[in-house]
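Colleague: Residue numbers (this note's numbering): 393 to 712.
Note that the Cβ used here is the ideal one computed from N, Cα and C, for glycine as well.
Sending over a structure as structure tokens; questions will come in a sec.
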Amino acid sequence: MGAKAGYIYLRGEYRYLSIIMQKAIADAYARGFIGKNIFGSGKDFDVYWHGGAGAYEVGEESALMESLEGKRGIPRIRPPFPAVVGLWGGPTVINNAETLAAVPAILMMGGQKYADLGTPRNGGTRLFCLSGNLEKPGVYELPMGYNLKKMIYEVGGGIQGGRGLKAVVPGGSSTPVLRADEIDIAMDFDSVMKAGSMLGSGGVVVLDDRTCIVKFALRTIKFYQHESCGWCIPCREGTDWLKKTLTRFHAGGGIKKDIDNIKYLADNMLGRTFCPLGDAAAMPTIAFVEKFRKEFEDHLEGRPCPFAEHGTISQLPVLA
Ligand code: SF4
């Protein structure tokens, strides 16, 4: 491409990885993979790592560029797109680190062979982050189209303590939840979409039968309310209202109308925000209410949470 510099942007929360990153960059310079006149080619390429200040929003490419330029990490209006006017106003290519990490395998194996590891329309491999109530949580590289049930019970070692499975969030906290009877699916973009959710970031969150879905919905919306950059009203106000309603609801102060109101609020955020964070907050909320309505009803009339003895919100699985 003729690019002379590359930036690796690390979210503030992941700064602890910067030591590994800095060593990797230093090693690459020492071996001549990057820097001046790479392997006598006459080409120069410098790589820098940059630590963010801690914002989910800067995962959005234009907000990331704003942050990298030292400004507040909020999205840019497009067009122009980054390939035309990007970082510092120059043409810019932005990729997820996971995408770039696949390049060596593609070069070594050949494109077709790499693609053949996955399914016909969803080639290659994916990094799946298995978290939640699993015996062996972790990040696993698996072929696209790997069966979700097998992923949980064989790769992830099954549910902690041999307990029952209640639900799975298949692609990161923004994706609609699947019930336990919906997980016999291939983990590729098309199949997960057909099952009513999304493959998203490949962050699989497994919830055992002791999990309170209302509490989990609250935990999820707390995250998005905290991370909303505040620019658009449906996202800023919607996430805040949802957090307040779910907090009251889970504490036993809910009324029947709240259940439909939660869904109504989330429905009205969908497609009405500047960046996908508004949708990311709304989509899982809608699915929690639609698929686990009974659990919401079980919290009504001042009844205590039926799962209260199983820990506080902070003890719920960490969201991917
Ligand atoms: S959707 Fe939310 S995070 Fe995205 S620009 Fe609007 S307020 Fe900011």
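#1: Could you give the distance in angstroms between the alpha-carbon of TYR401 and the alpha-carbon of SER454?
#2: What's the call for ILE386, buried or exposed, on a 16-neighbour Cβ count within 10 Å?
#3: How is ALA397 classed by DSSP in three states: helix, strand or coil?
#4: What residue does the beta strand (DSSP E) around TYR440 start on, and which one ends it?
#5: Mapping the DSSP letters down to three states, classify ARG695 as helix, strand or coil.
#6: Does the structure place the region 592-608 close enough to the region 515-529 that three or more beta carbon pairs sit under 8 Å?
#7: Which residue's Cα is closest to the Cα of LEU534: ALA494, VAL476, GLY556?
#8: Less than 8 Å separating the beta-carbons of ARG555 and ARG602?
#9: Any heavy atom of ligand 1 within a distance shorter than 7 Å of the CB on GLY622?
#10: For ASP600, which beta-bridge partners are listed by DSSP?
#11: Is ILE469 near ligand 1, going by C-beta to nearest heavy atom under 7 Å?
#12: Is there contact here, the region 465-483 with the region 440-457, by at least three beta-carbon pairs under 8 Å?
#13: Just list the residues that DSSP pairs ALA518 with in beta bridges.
#14: Just to confirm the assignment, what range does the alpha helix (DSSP H) spanning MET585 have?
#15: Identify the residues that DSSP records as bridge partners of THR511: which are they?
Modeller: Concretely, from the data shown:
#1: Along the sequence shown, one-based indexing puts residue 401 at 9. Along the sequence shown, one-based indexing puts residue 454 at 62. Cα-Cα distance, rounded: 13 Å.
#2: Since the first and last residues shown for the chain are 393 and 712, residue 386 lies out of range.
#3: Counting from one through the sequence shown, the residue named residue 397 turns up at place 5. Assignment of ALA397 by DSSP, reduced to helix, strand and coil, places it in the strand class.
#4: Residue numbering aside, residue 440 sits at position 48 when the sequence shown is read from its first letter. Run containing TYR440: 438-443, per the beta strand (DSSP E) assignment.
#5: The residue labelled residue 695 in the question sits at position 303 within the sequence shown. ARG695 falls in the coil class under three-state DSSP.
#6: Touching, yes.
#7: As a working mapping, residue 534 is identified with position 142 in the sequence shown. Considering only alpha carbons, the answer is ALA494.
#8: Locating residue 555 in the sequence shown gives position 163, counting from the first residue. Locating residue 602 in the sequence shown gives position 210, counting from the first residue. Yes.
#9: For the purposes of this step, residue 622 is identified with residue 230 of the sequence shown, where counting begins at 1. Checking every heavy atom of ligand 1 against the Cβ of GLY622, one is found closer than 7 Å.
#10: Residue 600 sits at position 208 when you count from the first residue of the sequence shown. The partner list for ASP600 (beta bridge, DSSP) reads LEU557.
#11: Position 77 of the sequence shown, counted from the start, is the residue given in the question as residue 469. Result no, Cβ not under 7 Å from ligand 1.
#12: Yes, the region 465-483 touches the region 440-457.
#13: Reading the sequence shown from its first residue, position 126 is the one you call residue 518. Note on identity: in this sequence residue 518 is Arg, with Ala being the wrong assignment. Looking at the DSSP assignment, ARG518 forms a beta bridge with LEU534.
#14: As a position in the sequence shown, residue 585 is number 193, starting the count at 1. Where MET585 is concerned, the enclosing alpha helix (DSSP H) stretches over 581-586.
#15: Within the sequence shown, residue 511 is the residue found at index 119, counting from 1. Paired residue(s): ASN514.
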